[in-house]
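Chemist:
Numbering (the numbering used here), first residue to last: 1 to 372.
What follows is the structure, encoded as structure tokens:
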């Protein structure tokens, strides 16, 4: 004998939004107040209260970042003692489950080994927690009492020579707050993570410190900026007869020829990877994912979702504002069953072309009025 039973189950298909960590950075550096504490800051925060009324490197960079970061700017920060270790602060943030896109270490480095240590720390975060970050490091500005620009340039070149650190970029503190200015430019919600900080349409830099001079009182030449950029440092950029100071490429310290020599390429891939990882976790031991044709097609469609969302464009006033990447096509997601329980998935992500080197050729036409 049996009795009737009715059950209604809510099925969770994993279709909800993902919390976005892009544009949210962790600042680590010396400050006199709240040493060792994890601080949440935004545009309303009183930095004198949080970081101390006295000037500090951390406060200087956060102030510059907030000025350039727009009205949705926010960050987290860990003030250090003068002899504090950034690696300990970074680990503290992980134990408190703080996920960020970038780590900004404000104390200037003095040796290239520090850059490789920062890269190793970023890789360790990925290996241990599945968190993808890039690290923004600083080097000192010029000593106006002892250095000429040639001396300074040689010193900076030595810092990046032979360094291969795909997740690290180095910013010389030429104006005293360059690191914070770039961090703010990368954090602004006005543009996509796929946009280069070189983008002039974003507007000029805000609050950049005074133009530095060497010991001969020579102001910072554009030729020095060009050479620093060649040495893979990230520096500002000006255009003659065009008002304002802008930025050049945010150069990652990867090997020449790599796909990830500029920050925007790494950011779009990391953004896709964060979303794909969450989808893959939901698929663990799900028998709906199998090698049948219907399941393979359904799984590919599901895994394309992050790429489709990143590719969404908006057309306004007759102008199209592109998404982070080009829309995915058939074949951009490939599933490979290695055995009954192991599957490998390959994704193709296509950033848009973007002009950084423009040349105009003008021809003079003197044929008007000539007899045919």
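Just so you know, even glycine gets a beta-carbon here, dropped at the ideal spot from N, CA and C.
Using 8 Å for Cβ pairs, my map puts residue 135 next to residue 181. What's the rounded Cβ distance?
Modeler: What you label residue 135 is simply residue 135 of the chain shown in a count that begins at 1. What you label residue 181 is simply residue 181 of the chain shown in a count that begins at 1. Not a contact, Cβ separation roughly 17 Å.
Chemist: Return helix, strand or coil for residue 104, following the three-state DSSP convention.
Modeler: What you label residue 104 is simply residue 104 of the chain shown in a count that begins at 1. Three-state result, residue 104: strand.
Chemist: Pick out whichever of 131, 335, 64 has its Cα sitting closest to the Cα of residue 274.
Modeler: Residue numbering aside, residue 274 sits at position 274 when the chain shown is read from its first letter. Ranking the options by Cα distance to residue 274, first place goes to 131.
Chemist: Can you check the region 92-138 for any alpha helix (DSSP H) of at least 4 residues that lies completely inside it and give the ranges in chain order?
Modeler: Correct list: 112-129.
Chemist: Could you name the residues that DSSP lists as bridge partners for residue 247?
Modeler: Counted from its first residue, the chain shown places residue 247 at position 247. 236, per the DSSP bridge assignment.
Chemist: Contact check, residue 23 vs residue 101 under 8 Å by CB: the rounded distance?
Modeler: Indexing the chain shown from 1 puts residue 23 at position 23. Indexing the chain shown from 1 puts residue 101 at position 101. Between residue 101 and residue 23 the Cβ distance is about 6 Å, and since that is below 8 Å, they are a contact.
Chemist: Can you tell me the Cα-Cα spacing of residue 60 and residue 50, whole angstroms?
Modeler: On the chain shown, position 60 is the one that residue 60 refers to. On the chain shown, position 50 is the one that residue 50 refers to. Spanning the two alpha carbons is a distance of roughly 13 Å.
Chemist: Return the CA-CA distance between residue 231 and residue 352, expressed in angstroms with no decimal places.
Modeler: Start at 1 with the first residue of the chain shown, and residue 231 comes out as number 231. Start at 1 with the first residue of the chain shown, and residue 352 comes out as number 352. The alpha-carbon atoms of residue 231 and residue 352 are separated by roughly 26 Å.
Chemist: Pull up the DSSP beta-bridge partners for residue 79, would you.
Modeler: Walking along the chain shown from the start, residue 79 turns up at place 79. Its beta-bridge partners are 29.
Chemist: Would you list, in sequence order, the uninterrupted beta strand (DSSP E) runs of no fewer than 3 residues that lie entirely inside the region 141-209?
Modeler: If we require 3 residues or more, the beta strand (DSSP E) runs fully inside the region 141-209 come out as 165-172.
Chemist: From what residue to what residue does the beta strand (DSSP E) around residue 315 run?
Modeler: Start at 1 with the first residue of the chain shown, and residue 315 comes out as number 315. Its beta strand (DSSP E) spans residues 314-316.
Chemist: Give me, in chain order, the residues of the same chain whose beta-carbon lies closer than 8 Å to that of residue 326; leave out the 5 immediate sequence neighbours on both sides.
Modeler: By 1-based counting over the chain shown, the position of residue 326 is 326. Taken in chain order, the residues that qualify are 311, 350, 351, 352.
Chemist: Put residue 320 into one of helix, strand or coil per three-state DSSP.
Modeler: The residue you call residue 320 lines up with position 320 of the chain shown. It is a strand residue.
Chemist: Can you tell me whether residue 50 is helix, strand or coil according to DSSP?
Modeler: One-based indexing of the chain shown puts residue 50 at position 50. If DSSP states are grouped into helix, strand and coil, residue 50 belongs with the helices.
Chemist: Since residue 28 and residue 109 are thought to touch, with beta carbons under 8 Å apart, how far apart are those beta carbons, to the nearest angstrom?
Modeler: Within the chain shown, numbered from 1, the residue matching residue 28 stands at position 28. Within the chain shown, numbered from 1, the residue matching residue 109 stands at position 109. Not a contact, Cβ separation roughly 13 Å.
Chemist: Any idea what DSSP makes of residue 327, helix, strand or coil?
Modeler: For this step, residue 327 is matched to residue 327 along the chain shown. Residue 327 falls in the coil class under three-state DSSP.
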